[in-house]
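Chains A and B, in that order, are what the protein sequence lines are.
Okay, so the first sequence: first residue is 1 according to the numbering used here, each after it adds one.
Okay, so the second sequence: first residue is 116 according to the numbering used here, each after it adds one.
Just so you know, even glycine gets a beta-carbon here, dropped at the ideal spot from N, CA and C.
These figures come from a predicted structure and were not determined experimentally.
Here the structure comes first, spelled out in structure tokens, and everything after it is commentary.
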Amino acid sequence: GDSVTQMEGPVTLSEEAFLTINCTYTATGYPSLFWYVQYPGEGLQLLLKATKADDKGSNKGFEATYRKETTSFHLEKGSVQVSDSAVYFCALSDRGSSNTGKLIFGQGTTLQVKP
Amino acid sequence: DVKVTQSSRYLVKRTGEKVFLECVQDMDHENMFWYRQDPGLGLRLIYFSYDVKMKEKGDIPEGYSVSREKKERFSLILESASTNQTSMYLCASRTSSYEQYFGPGTRLTVT
């Protein structure tokens, strides 16, 4: 079945460092890809998305490019801030025959940014 | 902005009690979802609904049921709560472009 694999955390960075969180997927259909962020004690917030190959999603300085050839959707940010400390989830939504839009999540990667 | 609300942020119940978790969305979405989130296990889909009175089991439906009497409201029911149902419960609704929007979550403790 479809699956998402994220790099294990926690990831600890200093403020203004470059961030990459790796995400790869396995899917039989043509999924949409998402990054969600979860701040402590809160629900998940949609960070960015991409719906087809070579699409780049971006929001709040974060970017991710849908790479079909490597089945990847890595999250990047050029300069992280303390306020970016959170758990980040990569997810895919199968838009195939079932059409339910069920999300399949990676395990989540905890990011801690130190001042 | 899409708004998804959940009836409680924190809930403590006793083993064997019947528990209702309520979720309301204000964007007229047809599809709604219930997940549970546990450390080391990530998010797992319990049930989803694609229309009023229509529902389908997710990956871990055992011990749960759902109700969708109105489009904006999707309820998760624990028929007889057990300690292994202590978890964070997250509700979401889905747009036509497959984005899911989540509520703030209910942290349920069953003692």
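Unbroken beta strand (DSSP E) run spanning residue i, endpoints
{"i": "M250/B", "result": "The requested residue 250/B is not part of the displayed model; chain B covers only 116 to 226."}
{"i": "D166/B", "result": "G157 to D166"}
{"i": "K128/B", "result": "Y125 to K128"}
{"i": "T120/B", "result": "V119 to Q121"}
{"i": "T24/A", "result": "C23 to T26"}
{"i": "Y39/A", "result": "Per DSSP, Y39/A belongs to no beta strand (DSSP E) and is neither H nor E."}
{"i": "T5/A", "result": "S3 to Q6"}
{"i": "E137/B", "result": "V134 to Q140"}
{"i": "Y216/B", "result": "Q215 to F217"}
{"i": "K49/A", "result": "L44 to A50"}
One or two residues paired with residue i in a DSSP bridge
{"i": "V82/A", "result": "Bridge partners of V82/A: none, in fact."}
{"i": "F18/A", "result": "Beta-bridge pairing links F18/A to no other residue."}
{"i": "Q200/B", "result": "For Q200/B, which the question treats as bridged, DSSP gives no partner whatsoever."}
{"i": "S57/A", "result": "Correcting the residue identity first, residue 57/A is Gly in this sequence and not Ser. DSSP lists A64/A as partners of G57/A."}
{"i": "L223/B", "result": "L126/B and S202/B"}
{"i": "M169/B", "result": "D166/B"}
Neighbour flag for residue i against chain E, beta carbons, 9 Å
{"i": "L193/B", "result": "Protein chains in the displayed structure are A and B, and chain E is not among them."}
Straight-line gap, residue i to residue j (C-alpha atoms, nearest Å)
{"i": "R151/B", "j": "M203/B", "result": "6 Å"}
{"i": "V127/B", "j": "C206/B", "result": "18 Å"}
{"i": "E214/B", "j": "L46/A", "result": "8 Å"}
{"i": "F105/A", "j": "R159/B", "result": "8 Å"}
{"i": "Y66/A", "j": "T51/A", "result": "8 Å"}
{"i": "K49/A", "j": "E177/B", "result": "32 Å"}
{"i": "N146/B", "j": "T210/B", "result": "8 Å"}
{"i": "K185/B", "j": "T109/A", "result": "36 Å"}
{"i": "V139/B", "j": "D54/A", "result": "35 Å"}
{"i": "Q81/A", "j": "K118/B", "result": "27 Å"}
{"i": "P122/B", "j": "A86/A", "result": "According to the sequence displayed, residue 122/B carries Ser and not Pro. Roughly 24 Å separates the two Cα atoms."}
{"i": "S164/B", "j": "L156/B", "result": "23 Å"}
{"i": "E194/B", "j": "S182/B", "result": "12 Å"}
{"i": "G9/A", "j": "P40/A", "result": "16 Å"}
{"i": "T198/B", "j": "V225/B", "result": "5 Å"}
{"i": "F189/B", "j": "R222/B", "result": "17 Å"}
{"i": "G1/A", "j": "S208/B", "result": "23 Å"}
{"i": "K77/A", "j": "T100/A", "result": "31 Å"}
DSSP state of residue i mapped onto helix, strand, coil
{"i": "Q107/A", "result": "coil"}
{"i": "T71/A", "result": "coil"}
{"i": "I192/B", "result": "strand"}
{"i": "K77/A", "result": "strand"}
{"i": "K186/B", "result": "coil"}
{"i": "T100/A", "result": "coil"}
{"i": "T210/B", "result": "coil"}
{"i": "Y30/A", "result": "coil"}
message: Please list, in chain order, the residues of the segment 164–181 of chain B that have any C-beta partner in chain A closer than 8 Å.
response: Y165, E171 and G173
Short-range partners of chain B found in the segment 35–63 of chain A, where Cβ spacing is below 9 Å: Those would be Y36, Q38, G41, E42, G43, L44, Q45, L46, K49 and T51, in chain order.
message: Give me the subset of the segment 199–210 of chain B whose CB atoms are less than 7 Å from a CB atom of chain A, sorted by chain position.
response: In summary, the residues of the segment 199–210 of chain B whose CB is separated from some CB of chain A by less than 7 Å are L205 and R209, in the order they occur in the chain.
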